Each structure stands twice: as C-alpha cells, then as structure tokens.
Amino acid sequence: MITYLRKRIITAILVIIVSLSINFMLVHLAPGNPISLIAGKDNPSPEMVAALTEKYGLNDPIYIQFFKYIGTLLKGDLGYSLINNEPVIKLIAEKMGPTLLLALTGLILAVVIGTALGIYAARHKGSPFDVVMNGISYLFDSTPGFWLGLMLILVFASLLKWLPTAGMVDLRASHTGFAYVLDVLLHLILPLLTVVLSQIPYFFRIARSSVIQVMAEDFITTLRATGMKEGRIFRKYVFKNAILPTVTVFGLSLAYVVAGVAIIEIVFSWPGTGKLLMDAIMKRDYPLLMGVYLILSVSIAVCMILVDVIYSMIDPRIRHNEKG
Amino acid sequence: MPLLSIQNLQVKYRVKNKEIHAVNNISFDVEQQDSVGIVGESGSGKSTLAMALLRLLPERIAEVSGEVLFAGENLLTLDDERLKARRWTEMAVVFQKSMSALSPVHKIGYQMADIYKVHAKTATKEQAKARILELLEMVNLPARVYTMYPHELSGGMMQRVSIALSLMHNPKLLILDEATTALDVVTQGQILKEIMQLEERLNIARIMITHDMSVVATTCKKVAVMYAGNLLEFGLVKDIIAAPEHPYTKGLLQSIPALKGERGELIGIAGSLPDLSKSPSGCIFADRCPSRKPTCETETPIRRTLADGRMVACHIAGS
Amino acid sequence: MNVKRNRMRARVTNTLQVINSITQLKIGLCLLAVIILLALFAPFLAVYDPFALNDDLLAPPGSQYLLGTDGLGRDVFSELLYGARTSIFIGVVAAAISGVLGTLIGGLSGFYRGKLDSVLSEFVNVFLMLPTFFLILLIVALFGSSMLNVMLVIGVTTWTGNAVLMRAQAMSLRERTYVKSLQSIGVSKFKILTKHIIPNGIFPIIANTTMNISGAILTEAGLSFLGLGDPNLVSWGQMVFHGKSYLVNGWWISTFSGFAIVVTVLAFYLIGDGLNHVLSPKLRDIK
Numbered sequence: 000m001i002t003y004l005r006k007r008i009i010t011a012i013l014v015i016i017v018s019l020s021i022n023f024m025l026v027h028l029a030p031g032n033p034i035s036l037i038a039g040k041d042n043p044s045p046e047m048v049a050a051l052t053e054k055y056g057l058n059d060p061i062y063i064q065f066f067k068y069i070g071t072l073l074k075g076d077l078g079y080s081l082i083n084n085e086p087v088i089k090l091i092a093e094k095m096g097p098t099l100l101l102a103l104t105g106l107i108l109a110v111v112i113g114t115a116l117g118i119y120a121a122r123h124k125g126s127p128f129d130v131v132m133n134g135i136s137y138l139f140d141s142t143p144g145f146w147l148g149l150m151l152i153l154v155f156a157s158l159l160k161w162l163p164t165a166g167m168v169d170l171r172a173s174h175t176g177f178a179y180v181l182d183v184l185l186h187l188i189l190p191l192l193t194v195v196l197s198q199i200p201y202f203f204r205i206a207r208s209s210v211i212q213v214m215a216e217d218f219i220t221t222l223r224a225t226g227m228k229e230g231r232i233f234r235k236y237v238f239k240n241a242i243l244p245t246v247t248v249f250g251l252s253l254a255y256v257v258a259g260v261a262i263i264e265i266v267f268s269w270p271g272t273g274k275l276l277m278d279a280i281m282k283r284d285y286p287l288l289m290g291v292y293l294i295l296s297v298s299i300a301v302c303m304i305l306v307d308v309i310y311s312m313i314d315p316r317i318r319h320n321e322k323g
Numbered sequence: 000m001p002l003l004s005i006q007n008l009q010v011k012y013r014v015k016n017k018e019i020h021a022v023n024n025i026s027f028d029v030e031q032q033d034s035v036g037i038v039g040e041s042g043s044g045k046s047t048l049a050m051a052l053l054r055l056l057p058e059r060i061a062e063v064s065g066e067v068l069f070a071g072e073n074l075l076t077l078d079d080e081r082l083k084a085r086r087w088t089e090m091a092v093v094f095q096k097s098m099s100a101l102s103p104v105h106k107i108g109y110q111m112a113d114i115y116k117v118h119a120k121t122a123t124k125e126q127a128k129a130r131i132l133e134l135l136e137m138v139n140l141p142a143r144v145y146t147m148y149p150h151e152l153s154g155g156m157m158q159r160v161s162i163a164l165s166l167m168h169n170p171k172l173l174i175l176d177e178a179t180t181a182l183d184v185v186t187q188g189q190i191l192k193e194i195m196q197l198e199e200r201l202n203i204a205r206i207m208i209t210h211d212m213s214v215v216a217t218t219c220k221k222v223a224v225m226y227a228g229n230l231l232e233f234g235l236v237k238d239i240i241a242a243p244e245h246p247y248t249k250g251l252l253q254s255i256p257a258l259k260g261e262r263g264e265l266i267g268i269a270g271s272l273p274d275l276s277k278s279p280s281g282c283i284f285a286d287r288c289p290s291r292k293p294t295c296e297t298e299t300p301i302r303r304t305l306a307d308g309r310m311v312a313c314h315i316a317g318s
Numbered sequence: 000m001n002v003k004r005n006r007m008r009a010r011v012t013n014t015l016q017v018i019n020s021i022t023q024l025k026i027g028l029c030l031l032a033v034i035i036l037l038a039l040f041a042p043f044l045a046v047y048d049p050f051a052l053n054d055d056l057l058a059p060p061g062s063q064y065l066l067g068t069d070g071l072g073r074d075v076f077s078e079l080l081y082g083a084r085t086s087i088f089i090g091v092v093a094a095a096i097s098g099v100l101g102t103l104i105g106g107l108s109g110f111y112r113g114k115l116d117s118v119l120s121e122f123v124n125v126f127l128m129l130p131t132f133f134l135i136l137l138i139v140a141l142f143g144s145s146m147l148n149v150m151l152v153i154g155v156t157t158w159t160g161n162a163v164l165m166r167a168q169a170m171s172l173r174e175r176t177y178v179k180s181l182q183s184i185g186v187s188k189f190k191i192l193t194k195h196i197i198p199n200g201i202f203p204i205i206a207n208t209t210m211n212i213s214g215a216i217l218t219e220a221g222l223s224f225l226g227l228g229d230p231n232l233v234s235w236g237q238m239v240f241h242g243k244s245y246l247v248n249g250w251w252i253s254t255f256s257g258f259a260i261v262v263t264v265l266a267f268y269l270i271g272d273g274l275n276h277v278l279s280p281k282l283r284d285i286k
C-alpha cells in the first residue's frame, strides 16, 4: 500500500509541477509582452514596469524566473486582479463558499441518486425501467449544463413562476435568520437541479455497469450455489465490490464539478467563482484566470491523493498488491 | 433408488436469433457414494450440464427441460425456498476458477462463516469459526487462512478453500467442475487423493467434470462421455477403458499418452465441434467419425444398453 | 469479377445487419445523416443570410421566419443550418487531432515498453489529472479564439483516453505470434508499429474518437457560451448565450440552438457507443 500511495503522490506532485509550468509558459508564450500581460494594461506606467520586473525578475534567466515565480506562489501570492486590484487569492476565497455549496450538494445528490438508479437498473437489466433510464442518461449526457439551466429557468421561473430566476438571495427582501436560509434554499433549487441532472448519468452508468459486471463474477455463482438469498448476496457482496469504481470517480468529479459548476453559475448569476471567471474572461483579467486554474489543478491533485487513500482502505487487493 | 437420476435433460440457450442446443436429451444415474466422471472437449456441454443440475443457469437465456431427481425429488420443479434449503446441505459444487470463487474484498473466514450461517442459522460466531477452522484443517490448510484475502493465496490453496467450503454441511453429492484443471500435476494428484479419502470418510457421491480422461480413469468408478451436448457412452470406467464402444471414446482414449508399457501412436480426432444451433439429421458425430456408415448421416442413433450394463448411442457399436 | 462483387455485397449486407442489430448505432447514424444533409445543403435551405440583420427583431417562429429571429433580427433557422457546419467541423477535426496524438503516444508506449513506456505512462497519468476544460479556456483566452486555435487546443488536451486504449491494444498485439515472427525476420520496430500494430488495434480508438467528437462539440459550445468562440462564425454556443438575454421575450433563440447541440452530440455519442457494442460481441448477442 505504501508503495502504491507513494507512486500516486509522485503523480500528484507532478500534476502540480506541470500545472505551474503550463501557467508559467503560457504567460511567456502568449502574444505580447509578459509585463503588459501581468499588469493587464497595454501601456503600464514606468514605475509599474520597474516594480513588476523586479518582483518577477524579468531580466533574470528564464529558469530563475521560474523559481521566483514558484517562490511567490508558495507564499500564497497569486498576483493581483486587474479588475479591482485585490489579491487574486482573496477574491477566489470570497467566492468559494457559494460554489462549494452548489458543487458539493449537487455532487452528493447526484452520486446517491445516480448510484441508486444504476443499481436498480442493473438488477432489472433489460426491463422497461432499464431501457428508459438508459435512453434518458444518453440524452442528459448530450445536454450542455448551461442550456439545461436556461431551459429550467424558462419553464419553472419564466413560465410557471414557481421559483426565482437568478441570484442566491432576494436582495429586495433582505431576509434574516430562518427566512434567509429558506430564501437561499429557494434560489438553490434550479442551479442545484441543473448540476444534479447533468451529473446523474455519469454515476448511473458507472453503478449500472459495475453491478452488472460483479453479478457476472464467479463468486456470485458460488454464493448462489450455497443457497444464500439473493438479497443477502447483494447487500453483503455485490454492493461492496460494485461500489469501488464509484468511490474512485467521486473524488475526481469533485474537482471537475467545481469547474463545471462555474458555467452553470453564470446562467443563474450565482455569486460564486463562475461569476468571477466570467468577469475575468470579459475583462481579460489574466492573473485571475491563472489563479483559478492553479487552484483547481492543485485541488484535483489533493482530491486524487485523498481518493487513493480511501480506495486503498476499502480494496484489500491494493493494500497487498504493491502494483495497484 | 439412485441418489441422483437425470432423465432426458435438455438445455437450450436462446441468444438473440439463434437457439443453441447445449445439452441434448441426457439420462444417467448416480448411486450413493458413486463417482462419475463426465468427459468431453471444451464446448461439449459438460459444464452446462452441471449448472443445469444445480439450477444455476440464468433463466432468461437458458431453457432447461427433463427431470433431475435428487433422492426422488425433481430439482427442476422444486420451489425456490426448498431448493435453497437443499443447496449446499445436500449437494455442493467446486468450480474451475477457484481464484475467483470468493469475493476479492472480503476475508476468507468472513465469507465462509457467512455461508455457514446460511444453513446453520442458530450457530454463534464462535461455533461458525470453530467449524471453519476444522474444515481448513481437513484440507490441510493453516488456520491463518481464516484472516486472509483470496488474492493472498496460491491457486492450489484457493482450490483447497473451495473444497473445504463445499464440504461444510456434509453434502451427499459433490460436483467438481474442472476443479483441478488449472493446477500443476503434483498438486492436482495430491488434492484428488485427499478428495477421495474425504469422500470415503464422509459418504459422498461425486460427479467430476473434466476434459482429462486420465483423471477420470484414476479417480472415478463410472464415466460419461459427452460430445456436442450429447451423451455418447456411459458405463463403468474399467469396462470402457478396456473396450470403448463408441468411435469418439476410442478417439479420446487414443489421444492420451500411456506412461507405462508400449508407446502407442497418439492420434487426434480430425475436425471440430458441429454448429449447435442446427439440429443434425443423423448422428451428431457422423462428420468426424472414422467408421461412419450411410445410415449415420440420416438416422439419429438410439441409446442402447449393452450386456455389461453400459449405455451407448451409436449405430455401429456392439456389432 | 463476379466473385469479388458478391463478396462486396455480402460484406455490405453483413455491415447493414450489424448496424441494424445495434439500436444505438441505428438511431445515431440516422440522426447524423439528417444533420449532415442539413449542413451540406445549408446554402440552399437557408432562407436568409445567417449574418444578415433584419428589421424584424425577436420575431416569433412562424411562416416568415420558421424558427423566429434573434435580438439582432437574424433568422434563427438559417443560423442553425450554418452552425451545424461549425460544430461538426470543429468536433471532427479536434477529435481527429486527439485520435492521432493518442494513437501515436499510446502505440509507442505499449509497443516499445521499457523506459519509454514508464515515462509516457506517467505523462499520460499527469495529463489525465489536469482540469482540461479550464486549460482550454485559459489557452483560448490568452491566444485568441479563432476556430483554428479552438480545434487545436481541444485536440491537444483530450488525447489521453485514446492513448490509454491504444497502449492496451499495442501491449496485447505485441505478444501475438505474427508480430513476433515479423520481429524475428528483422522487420523494423517502427514499421511493425505503423503497419501492423496500429491498423489492427485501431478500432476501439475509432469508437472512442466518435465519442470525443461529442465532447469536442460540447467544449466548443461551452467556450462560445463564455464568449470565447470564433466571432467570425455562426456557433450554436454563441446563439444560446445571445438568447440568454432574451429568455423571456425570445425563448426560441436559446431553445432551438441548444436543442441542435443536444441532437448533434447525441448522434455522435450513440454512434460511438454502438461501435463499442460491435467490439464486444458479448454485449451484442445476449440482450
């Protein structure tokens, strides 16, 4: 297990290094002067140029620049946003809450519902339920999240007027206490539904195919031959074997969902990192864009290690088989 | 009354637009403490036969007809509850791929104890564990296997675990489906010897499915020769080895090298298995048979019983 | 000649039978055929120039404008027809780039094994973990959002799946007797790789590449929706974004353009999945 984990941690560290290098390279390869890129202006003032040249050591050889760049990152300095001249890291931290609220709840709901549906479909393989669910999963897999969100707004907010169209709270009402929570929940429904619906097919298919695969294993035949009841075989043996792939993808999806949620946030004007991202794109705020990308890469690497630790605890084969 | 009586057993697989006759009209008996070897090349339907006896074929794609009388009860029509009660207490099975015979993510002891409690519902944890340690000892495995995972054992050890598992509730009938095929010859010999000792001690009848005629010759009283889903010859091993009647049995015996005595020529059987989705007009073996007659291609041979009690399905046999 | 023709005919019937037996493949191919025909004949079918700004702003769907007009008076139906060209072109080219890259890297890695394989495999592992969509977004934002850039960037960042598949194929094919005999008679390794390993192991990559077309179309739509599409092209993602502002007064703009994305992506997705079923006869026979 130790060897396996060490291998995965090395990969994770490489992921971080590669992400940093890509970031660094992009700044230097992008059209135009890196200073104007970092400064965000085509004609920065001479003082600014001097300050930035000094800070990033732009006159030094390229590898020293790289180490200086890493040095500033290690201090938690992701640079300054061009929009309001605030530290990038502070801007991202402020917007992370709403994003995590949406992404985490959405992902957990999608895993639970998708897995449950997948298991049910696998146990009734070929039934009308299975066929219909398969069709629906294809359909939702082909649907861009942002469009799904728009259609939900169109139906439930514009036409039926059941739910609010955008935002996280009703600004005019200025609720407090319980009413505030309720208001947030009401605003959360549609974006959440969008995230959940676009993630369900993924977990549905993983659960369905791994249950079908496990059910075809030899040890299931052995258990049947012993006269064990189907329910017990399923609860004790099929489930534990079949849930492993879901565990693997769960951690990784967490990071991807945070990314995917960004576009959905834009549709619903949800005040998370998505909004920040949109602004950064619109105003070509490169430090901010790169900051978001870096944080995302690092969190994926961290999620990956966490998943591997959990996985190696559940699956004894990894614990003993050093190869993994 | 025989322990197990198979009568006109038939298995058809329905796949998309074809119907495959995997087992065709097979009948034979297994007496108490009998040992019957079922031999045939791969695809001859011998494993399907075993799975059909145990009613383990998926009902969606396999259609089983005929009768399987176990102590006078037809297993094929038995209701689910009673079938489950018979399983493992009356008849148990050891499968070919012992490495995958148990769940990879549960400890061996946990699984065995769990299976023990399926039929010994009132057993305490300690009782279950004691019984399992006893079983492991019986098949010459160390007690530490109890807390190990399947992938930590070798193929031979897992085979012993499977055998220990099958003997758990003292079954009257044990089915070994290519149970020792994957092992090396030394381990195979050892395990076979142990099985034979155990079955004498525990009064067990055995059906042994294999493609290896020599295994049957050394460990079984009777042999059933299968080909393309059909039973071609059935009788005492000593009679059939000495004087095979069916040309296919002759071919099978000629393809085994002899260890002692004269080195005869090894002869294979030309051709390959027929398409099982088409019903043949005559004998199923006709197009590969070296002694075929014109009638062989037009008439299906009827099963006959010869003077020494063996059954054979062939136009030219016994003449 | 006749024998040859008969064999051809048998092959065609056989192919048709396979297609017919796999529902996904059948539906996917039919959908794709319709979309491609519409895209090909766009200049004849489009009643209006997709860039022409009419005076009828936000005209609802009707006899004059089949699917209505957008906020600038452009005919939605005509835009959709030309948008199909953009989507399919970008999707196919991007997926092809990722297919070629993945096949080469995976093939080299799986066929040569050894150190090269360890290095390339680790490279693939790292690449698999990178947040692809954000990387694409970042690069396009920095380097400009021309169609060429978008296709290249999508292609260069999504080849990992193909590499994993091709590596497995190459590893199993190199153990085959005919490959070993080729090696023993002195055929160069690179020649074996390009002439035998890749052609014999390419099928799963074709299936996966078809699925990747879906992914590329979705990515392009996402970029366009974020304002990072090629401004000189008609793009469904841009239409959805444009329609977002008119959701109340002009629901048809976003609805139809998004629906076009769904149908096109679905078509490639179904075909790719169907091809996977062709690959594994087990899935095909026992339903």
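Protein chains in written order, with numbering that gives the first Met the number 0: chain U, 0 to 323; chain Z, 0 to 318; chain Y, 0 to 286.
Don't be surprised by glycine CBs; every beta carbon is placed ideally from N, CA and C.
Owing to the predicted nature of the structure, the values given are computational and were not obtained by experimental measurement.
In this structure, the straight-line span from the alpha carbon of Y/T85 to that of Y/L232 is close to 7 Å. Secondary structure at U/G250: helix, using DSSP grouped into helix, strand and coil. At least one C-beta of chain Z is nearer than 7 Å to the C-beta of U/P315. DSSP lists Z/Y226 as the beta-bridge partner residues of Z/N229. In the DSSP assignment, Z/L3 falls within the unbroken beta strand (DSSP E) covering 3-14. Going by beta carbons, Y/N53 and Y/G67 fall outside the 7 Å limit. Under the three-state reduction of DSSP output, Z/T248 falls in the helix class. Within chain Y, no C-beta atom comes nearer than 8 Å to that of U/V210; the closest sits roughly 15 Å away. Remark: C-beta atoms of Z/M98 and Z/M157 approach each other more closely than 7 Å. Of all alpha-carbon atoms in U/Q64, U/P190, U/T10, the one lying nearest the alpha-carbon of U/G273 is that of U/P190. Taking 7 Å as the CB threshold, U/F145 lines the interface with chain Y. Measuring C-alpha to C-alpha distances from Y/F88 to each of Y/V264, Y/L278, Y/V277 identifies Y/V264 as the nearest.
Using a Cβ distance threshold of 7 Å, U/P244 and U/S209 count as a contacting pair. Annotation: Y/W251 has no Cβ neighbours in chain U at a cutoff of 7 Å; minimum Cβ distance is about 10 Å. Close CB contacts of Y/A215 within its chain, under the 6 Å cut and outside five residues either way in sequence, are with G90, A93, A94, I153 (chain order). Taking one beta carbon from each stretch, the segment 76-93 of chain U and the segment 271-286 of chain U have 3 or more pairs nearer than 8 Å; the two touch.
Taking Y/D55 as reference, the option from Y/D69, Y/V46, Y/F255, Y/F132 with the minimal CA-CA separation is Y/D69.
Under a criterion of Cβ atoms nearer than 8 Å, the residues of chain Y adjacent to U/M303 are, in order, M128. Secondary structure at Z/N169: coil, using DSSP grouped into helix, strand and coil. Residue state for U/D284 is assigned as coil, using DSSP reduced to three classes.
Cβ atoms of U/I91 and U/L275 come within 8 Å of each other, at about 7 Å. Here the C-alpha atom of Z/R86 lies approximately 12 Å from the C-alpha atom of Z/D78. Per DSSP, the beta bridge partners of Z/R86 are Z/M90. For U/M150, DSSP assigns no beta-bridge partner whatsoever.
Residue pairing by DSSP places Y/D74 opposite Y/T68 in a beta bridge.
Contact of U/Y236 with chain Z is assigned, a C-beta pair being separated by under 7 Å. Two segments are said to touch when three or more pairs of C-beta atoms, one from each, lie closer than 8 Å; by this definition the segment 12-23 of chain Z touches the segment 47-65 of chain Z. In the DSSP assignment, U/S126 falls outside any beta strand (DSSP E), carrying neither H nor E. When DSSP states are grouped into helix, strand and coil, U/M227 belongs to the coil group. Between Y/A169 and Y/G106, the C-beta spacing is below 7 Å.
Looking from the CA of Z/I107, the closest CA among Z/E199, Z/Q196, Z/T76, Z/V160 belongs to Z/V160. The C-beta of Y/F132 comes closer than 7 Å to at least one C-beta of chain U. Proximity of chain Y to U/S141 at the Cβ level (cut-off 7 Å) is accounted for by S213, V261, V264, L265, Y268, in chain order.
Note on Y/C29: under 16 other CB atoms within 10 angstroms of its CB, so exposed under the neighbour-count rule. S213, L217, A220, G221, F224, L225, G226, L227: these are the residues of the segment 203-232 of chain Y whose beta carbon lies less than 7 Å from some beta carbon of chain U, given in chain order.
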